[in-house]
Every structure is written in structure tokens, then in C-alpha cells.
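So the sequence lines, in the order shown, correspond to chains A and B. When you line the first sequence up against our numbering, it's residues 433 to 594, in that order. When you line the second sequence up against our numbering, it's residues 765 to 926, in that order. Cβ coordinates follow ideal geometry from the N, Cα and C atoms, glycine included. Every value quoted in this text rests on a predicted model; they were computed, and no experiment measured them.
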Amino acid sequence: MPEYQERGVAWEDLNVGDVISTIHWFVTPDDIKMAAESFFDDNPLYFDYDFAKQSEWEGIIAPFYFLDATFRWVVFLSRGKMRHKNHTINAHGILESFLPIRPGDRLVGKMFVDEKYIKRERKFLTWRMEIRNEDGEMVARKFWRSLWTDREIEFPKKESYR
Amino acid sequence: MEKRKETQYGTKIADEDKPVLKLTYDEIKVGDELSPFTRYMTMDMAIKHGRIYGDFYSGHVDKESARKQFGVAKTAMQGAFVHGGFTPFMVNWLRSARPWIYGGKADIKFVMAVNSGNTITYRGKVIEKKVEADKKYVICDVWAENERGEKVAVGTTTACFQ
Chain A
433 MPEYQERGVA WEDLNVGDVI STIHWFVTPD DIKMAAESFF DDNPLYFDYD FAKQSEWEGI
493 IAPFYFLDAT FRWVVFLSRG KMRHKNHTIN AHGILESFLP IRPGDRLVGK MFVDEKYIKR
553 ERKFLTWRME IRNEDGEMVA RKFWRSLWTD REIEFPKKES YR
Chain B
765 MEKRKETQYG TKIADEDKPV LKLTYDEIKV GDELSPFTRY MTMDMAIKHG RIYGDFYSGH
825 VDKESARKQF GVAKTAMQGA FVHGGFTPFM VNWLRSARPW IYGGKADIKF VMAVNSGNTI
885 TYRGKVIEKK VEADKKYVIC DVWAENERGE KVAVGTTTAC FQ
């Protein structure tokens, strides 16, 4: 939906059940390390091969929040050639992990519009992100609810970076 | 005094033949408090975190945008970043990532913005233990609070023992 890249997607444009996009991801040790670094998590299980090899996992695994690094909702939007029009504010997040993610895994993530409602004249929308491995098993799932404000995002002008 | 393993030069070192300590389902009791986990939130963290999903302009990484997005000229930490802090909190308490990766769940509501400069402490208490099929679950009431004792995120976490 390229028009949503230009003008931005609004709460009204989305319907429950819409598939926003699909992301295919080949997991590398660097992806896992970057996820841990971006969350400032210094557990060596995520990046120190020697440490991880001697652990109960016998190798590096991805942290619980890996989905939040590589399969972020704004990344799904971008892959779907969209950007959100208005500012959103996080309200509620449910993250579940079912199986470990390791370097070399081939993951497929999909994002759906799971729920939409208005409460006290405020607009809420819940994304559902599901990540599966090459065997089709669900490895992680996330529900992410945000309040969609009426305040439009203003992209910074070049001058603001000078 | 407990006998320690020594090198040929008399340097006392960890005995790698000893099993690594980790909490088991049976050792955990309803009412147990989880070990607190503290994190200092800085603007640098928010900027570095924003990079993983291509955010270079929102109120999480730019003070002027924060004023328009949240109404205060202080960058707000990403909800996912606050949510992500529950992982080291749980893994440190459990002394193992296994019950968190195989069936773990973090169900968190964001009740207040976390701004750079805040000191956030994650806390929790075990409220329920249950067995379903071949899995054993420990459910915890958890929250994150700022340096003034105000709760910024509240919810439950579930660790799964198999």
C-alpha cells in the first residue's frame, strides 16, 4: 500500500485481520548480539560462544525479547510499505516465548491487526506478531497495544540536524 | 572455611565440576519475593535502542519530538525497552533462561512514561504455582517503579518448568 508510505496509515485505515507484512529472517550470531546490546543486557549467553557452549544450552541462544529487536511492529509496517501517520503511545504488551532461537534458524514473522476499539474516546489498536521456525512451529508471539493519538508525526527538517 | 579449588600457583578458582545453581519449581514458594533488578535509564540507551528499528526522529530519540509526542521535552524510553528489562530480572532470579525461553510470558501494562534520567527498579512476588499437563508454571505479580516509588509498568510474568 504505497499511499500509506506517503501520507501515513491512520487507525481508521486498518481492519481486524489485516496482514501487514511478512518478514523472512536468517538468524546470525550478530543479530542476537545486536539485540542484547540494544536492550543493554550483558548476559554472555547471547554473545560469548565459549560461555554459551558450557551452559545448559551448549551454544548461543537469542534472548526472550529477540522478537522486539528484529520483528518490531514498525519494521513490519515498513516492510508493508507503510508508516504510521500519528504518534502512538504504548499501552500494553504481552510477549511469549515457546522455543529457543539459535544462530542459523530461518524464521518467518507475520504481523496482523488483532484488535481495535475505542475507550473513553481514545483509539486503541493491538498488533499480533507471530514468529515461526522452518518446521512451522511457533517460537514467539507478541501482542502489542497502543493508543493512537490525533497528533500527526512531523518529520524533522534537514535544518534541525545542523 | 569451605575448601576451594586452586591452581598450581595457589590461586583459588571456581570449581567447574560443581553443578550450576538454579531455582527449581519445588524450591519456589507462593509469596517469595523476586530479587530486584535496577537499571539507570539514559538518553543514550533510547537512541541506541531506536537504531535497531530505524527510529531517528521520534520522541524516544529526539527531545523536540518528545515534546510533540508526549508533551514533555524529555525523551521517553521505548515501551519495548522497559518491557525488555523484565528478561534480565527474571533470568537473574531464576538463575537460568530455560523456564523463560520454553513457555515464558510477560504480560505488562505501561502506566507511566519512563524518561531518560529515571532509575527503574523491577520487583515482583510469586502469586501462584500450577501444573497443567506436563508443564509446571510459576506466576509472578511484577512491576517496575521509578526512583520516587511510582509504578511505571505493572503485570504478570510466567515461568514454565518442564
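For residue j and residue i, the rounded distance between their alpha carbons
| i | j | result |
| --- | --- | --- |
| D445 (chain A) | D463 (chain A) | 33 Å |
| G867 (chain B) | V895 (chain B) | 13 Å |
| F530 (chain A) | M466 (chain A) | 21 Å |
| R768 (chain B) | L785 (chain B) | 17 Å |
| D546 (chain A) | T558 (chain A) | 5 Å |
| I865 (chain B) | A837 (chain B) | 37 Å |
| M570 (chain A) | D500 (chain A) | 15 Å |
| K889 (chain B) | G848 (chain B) | 18 Å |
| A523 (chain A) | T920 (chain B) | 15 Å |
| W505 (chain A) | M543 (chain A) | 7 Å |
| S510 (chain A) | I452 (chain A) | 9 Å |
| D722 (chain B) | F853 (chain B) | As shown, chain B starts at 765 and ends at 926. That puts residue 722 (chain B) outside it, with no answer to give. |
| T771 (chain B) | T802 (chain B) | 35 Å |
| R912 (chain B) | K485 (chain A) | 41 Å |
| L798 (chain B) | V507 (chain A) | 34 Å |
| L477 (chain A) | G491 (chain A) | 8 Å |
| F472 (chain A) | W907 (chain B) | 19 Å |
| M809 (chain B) | D779 (chain B) | 36 Å |
| G835 (chain B) | G823 (chain B) | 10 Å |
| V875 (chain B) | F587 (chain A) | 27 Å |
| R552 (chain A) | K782 (chain B) | 58 Å |
| E892 (chain B) | G440 (chain A) | 44 Å |
| P461 (chain A) | T851 (chain B) | 19 Å |
| V459 (chain A) | G536 (chain A) | 5 Å |
| I533 (chain A) | Y436 (chain A) | 33 Å |
| T839 (chain B) | V846 (chain B) | 13 Å |
| K793 (chain B) | A923 (chain B) | 13 Å |
| Y497 (chain A) | A917 (chain B) | 17 Å |
| T788 (chain B) | F925 (chain B) | 8 Å |
| R573 (chain A) | D567 (chain A) | 16 Å |
| R831 (chain B) | E914 (chain B) | 22 Å |
| N910 (chain B) | M805 (chain B) | 10 Å |
| L539 (chain A) | G843 (chain B) | 24 Å |
First through last residue of the beta strand (DSSP E) which encompasses residue i
| i | result |
| --- | --- |
| D546 (chain A) | 538 to 551 |
| E562 (chain A) | 554 to 564 |
| M570 (chain A) | 570 to 584 |
| R803 (chain B) | 801 to 804 |
| A442 (chain A) | No beta strand (DSSP E) holds A442 (chain A); DSSP gives it neither H nor E. |
| K889 (chain B) | 883 to 896 |
| W505 (chain A) | Premise fails: W505 (chain A) lies in the alpha helix (DSSP H), 505 to 511, not in any beta strand (DSSP E). |
| E909 (chain B) | 899 to 909 |
Beta-bridge partners of residue i, as assigned by DSSP
| i | result |
| --- | --- |
| A870 (chain B) | A:L527, B:T921 |
| M841 (chain B) | For M841 (chain B), which the question treats as bridged, DSSP gives no partner whatsoever. |
| W864 (chain B) | The partner list for W864 (chain B) (beta bridge, DSSP) is empty, contrary to what the question assumes. |
| S453 (chain A) | A:M543 |
| I493 (chain A) | Its beta-bridge partners do not exist; DSSP assigns none. |
| H516 (chain A) | A:V441 |
| I777 (chain B) | B:K769 |
| N522 (chain A) | A:S578 |
| E914 (chain B) | DSSP lists no partner for E914 (chain B). |
| N879 (chain B) | B:A840 |
| F458 (chain A) | A:R538 |
Element boundaries [alpha helix (DSSP H), containing residue i]
| i | result |
| --- | --- |
| W857 (chain B) | 850 to 858 |
| G814 (chain B) | 807 to 815 |
| T502 (chain A) | 498 to 502 |
| Y481 (chain A) | 481 to 486 |
| K793 (chain B) | No alpha helix (DSSP H) contains K793 (chain B), which DSSP labels as neither H nor E. |
| I464 (chain A) | 461 to 470 |
| R831 (chain B) | 827 to 834 |
Near the ligand HEM: residue i beta-carbon under 7 Å from a heavy atom
| i | result |
| --- | --- |
| Y821 (chain B) | No copy of the ligand HEM occurs in the structure displayed, which carries no ligand at all. |
> Do three or more CB pairs link the segment 515 to 533 of chain A to the segment 566 to 584 of chain A at distances below 8 Å?
Replying inline: The segment 515 to 533 of chain A, when compared against the segment 566 to 584 of chain A, does touch it at the 8 Å Cβ threshold.
> Are the segment 815 to 833 of chain B and the segment 857 to 865 of chain B touching, with three or more C-beta to C-beta distances below 8 Å?
Replying inline: Of all C-beta pairs linking the segment 815 to 833 of chain B to the segment 857 to 865 of chain B, fewer than three are shorter than 8 Å, placing the two stretches out of contact.
>> Assess contact between the segment 800 to 815 of chain B and the segment 899 to 907 of chain B, defined as three or more Cβ pairs (one per stretch) separated by less than 8 Å. Is contact present?
In response: No, because fewer than three Cβ pairs between the segment 800 to 815 of chain B and the segment 899 to 907 of chain B fall closer than 8 Å, the two stretches do not touch.
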